[in-house]
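J.:
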Amino acid sequence: MAVPLLAFLRSETPAKISQGTLTSAERVAYQRAIENVYWRHRIWPKERPDAKPSLDAVMSQAQIEKKVADYLRKSQALEDYWQRPITAEQLQAEMDRMTQNTKQPEVLHELFEALGNDPVVIAECLARPALADRLLTSSYTYDQRIHGELKQHAASELQAHPSVGQMKQLSGNYSEVELVKRDSRKNGQGLKLNAREWDETVKRLAAMFGDKVVAAAPKAFGAGRPTSALGGPPQQPANQGASITQIPTGKLSSLQEDENRFYALAVLNKSDNRLKLATVSWPKEPLQSWLARAEGNASTATIAMNVSYALPKISDGAACIDNTWAATAAPPEARDEHTAIWTGSEMIIWGGRSSNALLSSGAKYNPATDTWTFINSSGAPSARAGHTAVWMGTEMIVWGGDSEGFPSRVNTGGKYNPGTDSWTPTSTTNAPDGRDSHTAVLDTASEMIVWGGVDNNFNDLNTGGRYNPSTDSWTATTTVNAPSARELHTAIWTGSVMIVWGGFDNFNFVDLNTGGRYNPNTDTWTPTSTNNVPDARENHTAVWTGSEMIVWGGFNEDLFQDLNTGGRYNPNTDSWTATSTVAPDARERHTAVWTGSEMIIWGGSTFFSQDFNTGGRYNPGTNSWTATNTTNAPDARDLHTAVWTGSEMIVWGGVGGFPSNIDLNSGGRYDPLANSWTATNTYNVPDPRNSHTTVWTGSEMIVWGGVGQGFFNNVLNIGGRYNPAMDSWIATSTMNAPDPRRSHTAVWTGTEMIVWGGTDGFINFNSGGRYNPGTDSWIATTGIAPYPRYLHTAVWTGTQMIIWGGDSDAGLLNTGGRYNPVTDIWTATSTNAPDARDNHTAVWTASQMIIWGGDDANFNKLSTGGRYDPAMDSWTSTSTINAPSARDFHTAVWTASEMIVWGGEDQNFGFPRAGGRYNPGTDSWVTTSLTNAPDGREGHTAVWTGTQMIIWGGSTSFQDVNTGGQYIPGTNTWTATSTTNAPSARDSHTAVWTGSETGSAMIVWGGSSNGVVVNTGGRYCAQGAPSPTPTPTPTPTSTPTPTPRPTPPPRPTSTPRMHPTPPPRP
225 MAVPLLAFLR
235 SETPAKISQG
245 TLTSAERVAY
255 QRAIENVYWR
265 HRIWPKERPD
275 AKPSLDAVMS
285 QAQIEKKVAD
295 YLRKSQALED
305 YWQRPITAEQ
315 LQAEMDRMTQ
325 NTKQPEVLHE
335 LFEALGNDPV
345 VIAECLARPA
355 LADRLLTSSY
365 TYDQRIHGEL
375 KQHAASELQA
385 HPSVGQMKQL
395 SGNYSEVELV
405 KRDSRKNGQG
415 LKLNAREWDE
425 TVKRLAAMFG
435 DKVVAAAPKA
445 FGAGRPTSAL
455 GGPPQQPANQ
465 GASITQIPTG
475 KLSSLQEDEN
485 RFYALAVLNK
495 SDNRLKLATV
505 SWPKEPLQSW
515 LARAEGNAST
525 ATIAMNVSYA
535 LPKISDGAAC
545 IDNTWAATAA
555 PPEARDEHTA
565 IWTGSEMIIW
575 GGRSSNALLS
585 SGAKYNPATD
595 TWTFINSSGA
605 PSARAGHTAV
615 WMGTEMIVWG
625 GDSEGFPSRV
635 NTGGKYNPGT
645 DSWTPTSTTN
655 APDGRDSHTA
665 VLDTASEMIV
675 WGGVDNNFND
685 LNTGGRYNPS
695 TDSWTATTTV
705 NAPSARELHT
715 AIWTGSVMIV
725 WGGFDNFNFV
735 DLNTGGRYNP
745 NTDTWTPTST
755 NNVPDARENH
765 TAVWTGSEMI
775 VWGGFNEDLF
785 QDLNTGGRYN
795 PNTDSWTATS
805 TVAPDARERH
815 TAVWTGSEMI
825 IWGGSTFFSQ
835 DFNTGGRYNP
845 GTNSWTATNT
855 TNAPDARDLH
865 TAVWTGSEMI
875 VWGGVGGFPS
885 NIDLNSGGRY
895 DPLANSWTAT
905 NTYNVPDPRN
915 SHTTVWTGSE
925 MIVWGGVGQG
935 FFNNVLNIGG
945 RYNPAMDSWI
955 ATSTMNAPDP
965 RRSHTAVWTG
975 TEMIVWGGTD
985 GFINFNSGGR
995 YNPGTDSWIA
1005 TTGIAPYPRY
1015 LHTAVWTGTQ
1025 MIIWGGDSDA
1035 GLLNTGGRYN
1045 PVTDIWTATS
1055 TNAPDARDNH
1065 TAVWTASQMI
1075 IWGGDDANFN
1085 KLSTGGRYDP
1095 AMDSWTSTST
1105 INAPSARDFH
1115 TAVWTASEMI
1125 VWGGEDQNFG
1135 FPRAGGRYNP
1145 GTDSWVTTSL
1155 TNAPDGREGH
1165 TAVWTGTQMI
1175 IWGGSTSFQD
1185 VNTGGQYIPG
1195 TNTWTATSTT
1205 NAPSARDSHT
1215 AVWTGSETGS
1225 AMIVWGGSSN
1235 GVVVNTGGRY
1245 CAQGAPSPTP
1255 TPTPTPTSTP
1265 TPTPRPTPPP
1275 RPTSTPRMHP
1285 TPPPRP
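The working numbering numbers the first residue of the sequence shown as 225 and each following residue consecutively.
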């Protein structure tokens, strides 16, 4: 494939111009050099009795050649099938991104050196594979040309078999899952949800089977407006306080779609604390198999002559600084009711609401490079939604909104400078009263004018203020002749006056069609005409054209319907002209931007919560509408944001998709000239999940399995490899992967990740797979294995994986097995073992496995455990003298001499802050200090750094937390982890410890954030023991090498956490 001829020079770095193309042999040799760097950093667990082999012993020439062919084939597919050839600008931007965002600069330096520090080679052999994989995955996932036939087949089957009783007759995969609210001592089996997760699930199910329409089918313009005679419009997404009584049983849902499948769902039965769900799903064809079928395209992509690249400097700021956080590659956290502004080169989003949680985070999006950069949260305003934001030319000012606590509506704000990535608070002296649902504009005197909204007593306001950022001072706007008090109105700046119009009068419960022009120079108001004025409305949009204000859409309380009407207001003549009604479907909570010649409206919803991914371009010169294309358009949504860049409209975030009321972290760029959409970057991050596993290989973190968004039995058999050096994700292959599952275990052997066990909610597994990240391939483990189970533990000994305990269809187990990956044979562990249990922990000491805690068959928490010696196949009980209180959902790490257990939930549903250090040599316990210890919690993670244990995240009965602590056993002391730039509060996530030559880090990822499953994470830098020196690098060569069978190796043991199935972690 030829990259277009484009000059791409950087003044600070000499450009390298390609003189011809890279041959296949050159690409293969460079790929081998890359693999050498990764192999040198791969962990060879110290427990292994054998020496670490060379790269040639674990990866053949044919496998390296296949990697090259794969990325060239993906590049070709992007050009041939999606007409999206990878350009020189994109490759340069990808190099810039990885050097700016790298979390392992020393490894990235090694990769660059292995490629001769040649920007052409780096662009083609390092940037292209990552970019091709990311772009192809995002293009493929929802393409109806590929998946449309399967969708029609599934829809036809559902139409022919519409009852719940017929679900098992369908050709899709049938499964069941029981959801249990963990609020009683006898929870029984099932996927256990905390209070927030349970409430969120009930809310989504109620919305799914209620009036909410999941996907909006485009309608012809002028098709008419819906009418009804029911209650008033919600100001927040529907079903915020849904009850389980609103969820029907025995009703089959309509066909739904997510990234991996089409499916339908039914609630089989329910009680106050239990829900049994059945799902039938039709998996989409995996990308790998589609590529194999489409392999008629020759993988012969090349680069054109005379293409210029600059070698970017690797960021010095990427090095680890103790007690600091940096986000892993991902778009910002999903949200609605946030703000977005355009700076001239970047869109900045900030704040908002993610399900029930308010946010104080934000990010900058650069459409030229399609990259996100998280902004500093230090000094940021308190978390809030329903606030306003304006761009001052050098700073973004956010103000007001709905925050935590009471009074929740605040009169605080902050000025954010993207150049310095810093915040400055706005003064509250003489500031307007706290409010939300207000408006804000920037006037020509560089003042922000806020007006209207609703206060803490639920009174609408007709007051406001002018904020001068230079003097950090407020001046009140006059109320003389001001429009009546209101919320959910619009405001625009004309160049001389602010015009406010429409909105909702909460006191009289009516919508308004009045407004006013405010002149800040004279501090005076002039009412807008009501002659020929559009119908009263709220939740509409308004834009300024340079001569007129155009308002459109919204909801009318008196008519009780959404509107597809509007009007053009001329302030010079104080007159209104109606807009054409041959227009997009009636809607509210949509967005609108002005391009210079057209108004573009997009998205939104009806009062009955039908979300749209449609829109229209309105030309006031011809009074006509043109529909926006829906091909590759973002998911239907409302409460999103939109900005105009000068050439594109960028929409992002909001509420929509499926399940109903799910916040989104996706978006799209709309080009009105081409009438086309391009998705905003999602970094190929794995789907949101919890109950998954992660391992650290020394070069990358591998995430696999778990439960996806919504808890609707969306168990996964997909995953991703996170490369911190390049700050990038690559999906794991699904070819020959184990069945989808949760509550399984995973260990790292030195060459492979072994996953085993788990459940899909309907079937418990005794199967598994060995995944080789070097070749991106799976090999199944033997089926002659221990009894199927989930919520068990697993450790790696250096030669064997030992699994033990867990839950099964036969009840709790106290059995286990030793798996040898070289022989693919299981050996049972002795049955003279501790009591059967689940939700326990296990660590490997170098000679013994220690299990402790958990739940027994009578739902009692345990403070007992045992030491298993695989050489003798024997168990020894752990002492209970001075042992920590009985608990489950705790964590455990091994320090080289002690096991440290901490956290969890005790028998009285409390969260103890005390833990214990267990010495197997003396069979004795020492209590961990309470001084400065973190608050008690469950569902957290713990890693051992070599000198200290770091615990982070988790939940109490009422909320998730993003706090943690570093515990040093030598001094028995705690130090809090920083919350500045920390990931959002969460539980049921995973954590790995990476170590590094220039700094040491813990990476946390995924989990549930206040009931919403997430796919974000962060790197936390802390002092740890020095990591092993990388093995020497052989000189790269393209000479073919034989492929021996990889020998299994070990991984540093870690602590299994099971909430609802926290797995063992490295």
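Glycine included, C-beta positions come from ideal geometry on N, C-alpha and C.
(1) Quick check: A430 and I471, are their CB atoms within less than 9 Å of each other?
(2) I need the straight-line Cα distance from A1095 to G1160, nearest angstrom please.
(3) Tell me the DSSP secondary structure of T323 in three-state form.
(4) On the criterion of 16 or more Cβ atoms from any shown chain inside 10 Å, does Q383 qualify as buried, or is it exposed?
(5) Could you check what DSSP says for P196 in three-state terms: helix, strand or coil?
(6) I need the boundaries of the alpha helix (DSSP H) containing V817, first residue and last residue.
(7) Hey, L1036 and A1052: beta-carbon distance below 9 Å or not?
(8) Would you mind sorting E318 into buried or exposed? The rule is 16 or more other CB atoms within 10 Å of its CB.
(9) Taking only the alpha-carbon atoms, compute the straight-line gap between P795 and E772 and give it to the nearest angstrom.
(10) Is it true that the CB of A709 sits closer than 9 Å to the CB of N683?
(11) Go ahead and pull the three-state DSSP assignment for L489.
(12) Since M722 sits in a beta bridge, which residues does DSSP pair it with?
(13) Out of G985, W623, T1039, which has the shortest C-alpha to C-alpha gap to A501?
(14) Comparing C-alpha positions only, which one of L335, W263, R352, S363 sits nearest to Q307?
(15) When the Cβ atoms of the segment 944-954 are set against those of the segment 963-970, are three or more pairs found closer than 8 Å?
(16) With C-beta atoms as the reference, is E781 less than 9 Å away from D862?
(17) Would D280 pass as an interface residue toward chain D - the criterion being a Cβ-Cβ separation below 9 Å?
(18) Quick check: I573 and A581, are their CB atoms within less than 9 Å of each other?
(19) Within 8 Å, do at least three Cβ pairs link the segment 1019-1039 to the segment 1096-1104?
(20) Using DSSP bridges, identify the partner residues of T212.
(21) For the segment 961-1017, which segments carrying the alpha helix (DSSP H) assignment without a break, of at least 4 residues, lie completely within its bounds, in sequence order?
(22) For G1022, which residues of its own chain have a beta-carbon under 7 Å away from its beta-carbon, when the five flanking residues on both sides are left out?
(23) What span of residues does the alpha helix (DSSP H) with R297 cover, start to end?
(24) Tell me which same chain residues have a C-beta within less than 6 Å of the C-beta of N1156, skipping the five on either side of it?
(25) At 3 residues or longer, and completely inside the segment 541-578: list those beta strand (DSSP E) runs for me, N to C.
(26) Specify the secondary structure class of Y907 as computed by DSSP and reduced to three states.
(27) Compare the Cα-Cα distances from T595 to each of I1227, Y1043, M571, P758 and report the closest residue.
(28) CA-CA distance, L1300 and W506?
(29) Could you check what DSSP says for A379 in three-state terms: helix, strand or coil?
(30) What are the start and end residues of the alpha helix (DSSP H) that includes M959?
(31) Taking only the alpha-carbon atoms, compute the straight-line gap between S915 and L1015 and give it to the nearest angstrom.
(32) Taking all protein chains shown into account, do 16 or more other C-beta atoms lie within 10 angstroms of the C-beta of I1105, making it buried, or fewer, making it exposed?
(33) If you draw a straight line from the alpha carbon of T1285 to that of S1212, how long is it in whole angstroms?
(34) Between the Cα of V292 and those of N341, D560, A354, spot the shortest distance and give me the residue it belongs to.
(35) Using the DSSP secondary-structure output, state which residues sit across from E1162 in a beta bridge.
T.: Straight from the coordinates:
(1) yes
(2) Distance between the alpha carbons of A1095 and G1160: 37 Å.
(3) helix
(4) exposed
(5) Examination of residue 196 is not possible in this model, given that the chain is present from 225 through 1290 alone.
(6) No alpha helix (DSSP H) contains V817, which is instead part of the beta strand (DSSP E) from 815-818.
(7) no
(8) buried
(9) 7 Å
(10) Going by C-beta atoms, N683 is nearer than 9 Å to A709.
(11) Of the three classes helix, strand and coil, the one that applies to L489 here is strand, per DSSP.
(12) W717, Y742
(13) The question names Ala, but residue 501 in the sequence shown is Leu. Just measuring C-alpha positions, the residue of G985, W623, T1039 sitting nearest L501 is G985.
(14) Checking every option, the nearest Cα to that of Q307 belongs to S363.
(15) no
(16) Contact: no.
(17) Absent from the structure: chain D. Only one protein chain is present.
(18) Not a contact, by the Cβ cut-off of 9 Å.
(19) no
(20) Summary: the structure shown does not reach residue 212, with the chain confined to residues 225 through 1290, and so no result is reported for it.
(21) None, since the segment 961-1017 contains no complete alpha helix (DSSP H) of that length.
(22) P269, E271, R272, P273, P1274
(23) R297 -> alpha helix (DSSP H) spans 285-306.
(24) When the five nearest sequence neighbours on each side are left out, the beta carbons in the same chain lying within less than 6 Å of the beta carbon of N1156 are those of W1198, in order along the chain.
(25) For the beta strand (DSSP E) assignment, the uninterrupted runs of no fewer than 3 residues enclosed by the segment 541-578 are, from N- to C-terminal side, 548-551, 563-566, 571-574.
(26) coil
(27) M571
(28) Absent from the structure is residue 1300, since the part of the chain shown begins at 225 and ends at 1290.
(29) helix
(30) Note, M959: premise wrong, no alpha helix (DSSP H); not H, not E.
(31) 10 Å
(32) exposed
(33) Caution is warranted here: a pLDDT of 32 is assigned to T1285, below 50, making its placement in the model unreliable, and the coordinate value is therefore given only provisionally. If I take the Cα positions, the gap works out to 7 Å.
(34) A354
(35) Beta-bridge annotation (DSSP): E1162 is paired with S1179.
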